[in-house]
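This report concerns only the one structure given below.
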Amino acid sequence: MDAILLQILNGLDKGGAYALIALGLTLIFGTLGVVNFAHGALFMLGAFCAVSLRELLTLSMKVKDESITFFDAYKEVPYLEVWFGETGTMIIDLAVPLSILFAIPIMLLIGLAMERGLIQHFYKRTHAEQILVTFGLAIVLQEIVKAYFGANPIPQPAPEAVAGSANIGALFGLGDSVVYPWWRLVYLAFSGVVIAAVFAFLQFTTFGMVVRAGMQDRETVGLLGINIQRRFTIVFGIAAVVAGLAGVMYTPILPPDYHIGMDFLVLSFVVVVVGGMGSLGGAVAAGFLLGILQSFASMNEVKSILPGIDQIIIYLVAVVILLVRPRGLMGRKGVMEG
Amino acid sequence: MIAPTARNDLILIGAFAAAVLTAPLWLAPIGAGYPDLLQKFAIYGLFAIGFNILFGFTGYLSFGHAAFLGVGSYAAVWSFKLLTMNVLPAVFFAVLVSGLFALAIGFISLRRTGIYFSILTLAFAQMSYNLAYSVLTPITNGETGLQLTTSDPRILDKMAGIDYGAALPTTDLFGTEMTGYPGFYFCAVLMIIGFVIAVRIARSPFGTMLRAIKSNQNRLNYTGINTRPYALAAFVISGMYAGLAGALLACTDPLAGAERMQWTASGEVVLMTILGGAGTLLGPVFGAGVIKYFENIFSAFNHDILMSIFDFLPGWLQGIVVTVSGLFVGEGWHLTLGALFMIIVIFLPGGLMEGVGRIAKLFRKDGGAANSSVSTAPGE
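Residue numbers (my numbering), protein chains in the order written: chain A, 1 to 338; chain B, 1 to 380.
Printed below as a string of structure tokens:
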């Protein structure tokens, strides 16, 4: 029982990342009809927003080290600590959560620029061409990040307050064996909040209503005198923000390097397709489903019966689902089948 | 483009064969005239020709073609280990095994179309890759990769009385070692054969059927034609090409690793085909050549070489130019690849062949009208 709870939790936080990326991919596909292979790169850029904010906050000056008296020694102390003392240390400690505020405008700008600059010219092109040009863009973004930040992963510590592990076993009355890193719980809650926010935005605001109408029948909405194109562009920006935030919050779990996005992209595409192209609910459900299945498959008990299953489970499930349900879990007819 | 008559095809094949066989001469001035790179040109050209039969002719975008390349490599190395160091059995078995593998995967994947097909092939390739790394280690030797050892049985070689002694044997074709130029010519001849087959397919009723599947599969279904056998045949043929390419990789360097099956490798062949021009006959070979050339030449550039190239500039300008262009070469040659890629897709959706066509059009007086009526056949 303990093990099962632990595996579900393990699956949920990974599933949270898949679901956030897949949600953005589906949103872009459902509105603009564009297959965005650069979405993984947006996740990566989000992660590097966190890296650059930390670098900004920890810009240091040389201060005389008082503890060494034999000679003049200097140590690097961040400006923030010099200026604000304890408060400064606290701000640096909170770098990752603060990056959220930092990343939202940046990712929104990047998203809007990308849509206006590149994607808008590709609405009418074939899906293969969309895939290729966004794939090229992803490579370019990756290489730029690599040129600036280097090829090695850059660890980002979680804030002190949530750095340890939570004894959630006690919470459920299951004994002390079930411990779980706090940050992963934070991530899970965070992804839940973001997903809920996106859905609420689409469901309960006028803007969202127009976007949903546009997804159903773009032409009619246009004929009603609504500038649907501009709204779709903003949706692209929102999708970029969602991917970026997923990246920001993932940095304490996995130190980001320049190709972190590509690793997630392939799986997210499988997630989107399993969920059904164009279905937002399907994308989220499939994200969590595949995350949980993967973590169950990596249990030793399962691996001893079916060796190697942990390596292939996601793909295997994708194949089975696509063969049984031709359009994924919740896909609509006629989308992307040509 | 030129009308696809039998005579023109003969000229095309002849010119292609001549160009490939003399490649060491005319590629030397641009620094690509050495056997290792030429072998890669031929091998990946073959891979792209095969991929083009599926993607360019039939319109199915497979994202898992590297699996067949990997399987071909493993089959070839096993042939070296168990049977003989002669390359012919290795090539034969690689094509056979990858053909069977493609038959199984194609049979399942072709039940879906569009992106669902792409994801199915991607899923199978990633499964093969992950399994090759983990559970299938007895067959694939996991992360180390499958290598030759001195203790391999090599039954046929033993029967023929060939003993390699303590040294690691090298691959050969009836005594000619498959390294350097002999290796290149072996690959080149096979590529020319592969090219001829592709031309024959393109001109055959079967090829017409494949293009019909690409342009409107529904209509074919409504007229009562079952398209799946044709698509499956195209899938298996292109899988066999990939297997052959994998075998040639193993022939020139008898080592097979799982990373050949990763999705990035599958993506690479898609890039090559599109870069050259999907659906054209020569395009994929071009694309493969350009990408492999950039990979080898650009990645070898470093700071000193750049400094000497831009030596003619004044000092301060030289520094700036070298810093900027340094981003695009050496470690960062992927940046060049990505940028090149975007430029091609944005401005030349038909690939390099479209560019060639446009330039040719400029020089032809009756360009416009005559061109549009005949260019559809290879250009679609």
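We treat Cβ as the ideally placed atom computed from N, Cα and C, and that holds for glycine. Values in this document were obtained by computation on a predicted structure and should not be read as measured data.
query, result
"Buried or exposed for residue 203 (chain A), going by 16 or more other Cβ atoms inside 10 Å?", "exposed"
"Is the segment 4 to 13 of chain A in contact with the segment 222 to 237 of chain A, if contact means three or more CB pairs nearer than 8 Å?", "no"
"Ignoring anything shorter than 4 residues or poking outside the segment 93 to 154 of chain B, list the alpha helix (DSSP H) runs there in chain order.", "114 to 133, 137 to 140"
"Between the alpha carbons of residue 195 (chain B) and residue 50 (chain B), how many angstroms are there, rounded?", "9 Å"
"Taking 7 Å as the CB-CB cut-off, is residue 129 (chain A) touching chain B?", "yes"
"Alpha carbon to alpha carbon, how far is residue 47 (chain B) from residue 322 (chain B)?", "35 Å"
"Rounded to a whole number of angstroms, what is the C-alpha to C-alpha distance between residue 11 (chain A) and residue 188 (chain A)?", "10 Å"
"So, with DSSP's three-state summary, where would you put residue 257 (chain A)?", "coil"
"Which residue spans inside the segment 224 to 308 of chain B form an unbroken alpha helix (DSSP H) run of at least 4?", "228 to 252, 263 to 276, 283 to 293"
"Am I right that residue 243 (chain B) and residue 56 (chain B) are in contact with their C-beta atoms under 8 Å? What's the rounded C-beta distance?", "With a Cβ gap of about 19 Å, residue 243 (chain B) and residue 56 (chain B) do not count as contacting."
"Could you tell me whether any Cβ in chain B is nearer than 7 Å to the Cβ of residue 256 (chain A)?", "no"
"Could you give the residue range of the beta strand (DSSP E) that holds residue 159 (chain A)?", "No beta strand (DSSP E) contains residue 159 (chain A), which DSSP labels as neither H nor E."
"Give me the chain B residues within the contact set of residue 311 (chain A), using Cβ-Cβ distance strictly less than 8 Å, ordered along the chain.", "127, 130, 131, 133, 134, 135"
"Using a Cβ-Cβ cut-off of less than 7 Å, give me the residues of the segment 298 to 332 of chain A that come near chain B, in sequence order.", "307, 308, 311, 312, 315, 316, 318, 319, 322, 323, 326"
"Taking the DSSP output, what are the residues bridged to residue 353 (chain B)?", "Looking at the DSSP assignment, residue 353 (chain B) forms no beta bridge with any residue, so it has no partner."
"When the Cα atoms are used, what is the spatial distance from residue 374 (chain B) to residue 129 (chain A)?", "At residue 374 (chain B), the pLDDT of 39 sits below 50, so the modelled position is not reliable and the matter cannot be decided from this model."
"Distance check for residue 297 (chain A) and residue 215 (chain B), CA to CA, integer angstroms please.", "42 Å"
"Taking the beta strand (DSSP E) that residue 315 (chain A) belongs to, which residues open and close that run?", "Careful: residue 315 (chain A) lies outside any beta strand (DSSP E), inside the alpha helix (DSSP H) at 309 to 324."
"Around the Cβ of residue 256 (chain A), are there at least 16 other Cβ atoms within 10 angstroms (buried) or fewer (exposed)?", "buried"
"Measure the Cβ-Cβ separation of residue 179 (chain B) and residue 85 (chain B) and say whether it is below 7 Å.", "no"
"Where are the beta strand (DSSP E) runs, 3 residues long or more, that stay fully inside the segment 30 to 95 of chain A, in chain order?", "60 to 64, 74 to 78"
"Cα separation between residue 117 (chain B) and residue 110 (chain B)?", "6 Å"
"Which class does residue 165 (chain A) belong to by DSSP, given the choice of helix, strand or coil?", "strand"
"Classify residue 158 (chain B) as buried or exposed, calling it buried when 16 or more other Cβ atoms lie within 10 Å of its own Cβ.", "exposed"
"Check whether chain A comes within 7 Å of residue 9 (chain B), counting only Cβ atoms and requiring the distance to be less than that.", "no"
"Taking 7 Å as the CB-CB limit, is residue 271 (chain A) close to chain B?", "no"
"Quick one: grab the DSSP three-state call for residue 17 (chain A).", "helix"
"Pick from B:58, B:13, B:12: whose alpha carbon is nearest that of residue 229 (chain B)?", "B:58"
"Pair every Cβ in the segment 25 to 43 of chain B with every Cβ in the segment 266 to 277 of chain B, then say whether three or more of these pairs are closer than 8 Å.", "no"
"Let me know the secondary structure DSSP gives residue 2 (chain A) once reduced to three states.", "helix"
"Does DSSP put residue 86 (chain B) in a helix, in a strand, or in coil?", "strand"
"Residue 341 (chain B) touches chain A at which residues, Cβ-Cβ below 8 Å?", "132, 133, 135, 136, 139"
"Within its chain, find whatever has a CB closer than 6 Å to the CB of residue 369 (chain B); leave out the 5 residues flanking it on each side and keep chain order.", "At residue 369 (chain B) the pLDDT is 45, less than 50, meaning the model places this residue with poor confidence; the figure from the coordinates comes in the next sentence. If we look at residue 369 (chain B) and ignore the five residues flanking it on each side, it has no Cβ neighbours."
"Is it buried or exposed for residue 339 (chain A), if we count other Cβ within 10 angstroms and need 16 for buried?", "Since the first residue of chain A shown is 1 and the last is 338, residue 339 (chain A) is not available in this structure."
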